[in-house]
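Count along the sequence shown starting at 1, add 963, and that's the number in our numbering. All C-beta atoms in this analysis are idealised placements derived from N, C-alpha and C, irrespective of residue type, glycine included. None of these values were measured; they are calculated from a predicted model. First up is the structure itself, then whatever we jot down about it.
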Amino acid sequence: MIEAAQSELKHAVESQHGGKAHYVQSVPVHETHEGETVWEGSVSVFDLRDSPSGITRAYAWSYEKEDGQRRFFAVLHAGPIKGPVDAVRAAIVAEQKAER
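Here is the structure:
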């Protein structure tokens, strides 16, 4: 799997949530459902300054779709989102709801 560049993920965070993002680290995530892998990859953690939301942390990752386009995710550390795994789970649920 080809990972997106940190600069692309930083741009995704800043364009979706405003403020200035600063890369902190990457965390490997392997999410399964009923024993099957639903997503596996690296989630980048960013500190976020001056975001209109006031949130100070965000998580970003991407994957390549079947058509070759890259899909970017940028999720804020807020409410039930306490870390990279929570961010991935929330995005999976949101995508499944959108497909229905």
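In the DSSP assignment, H985 is bridged to D1010.
Distance check between E994 and each of W1002, Q1059, W1024 places W1002 closest, using alpha-carbon atoms only. Between the beta-carbon of S1014 and that of G982 there is about 3 angstroms, and that keeps the pair under the 8 angstroms contact cut. When secondary structure is reduced to three states using DSSP, A1037 falls in the strand class. Per DSSP, R1052 is one residue of the alpha helix (DSSP H) stretching across 1047-1062. Taking a contact as a CB-CB distance under 8 angstroms, the pair A1037 and V976 counts as one, their CB atoms being some 4 angstroms apart.
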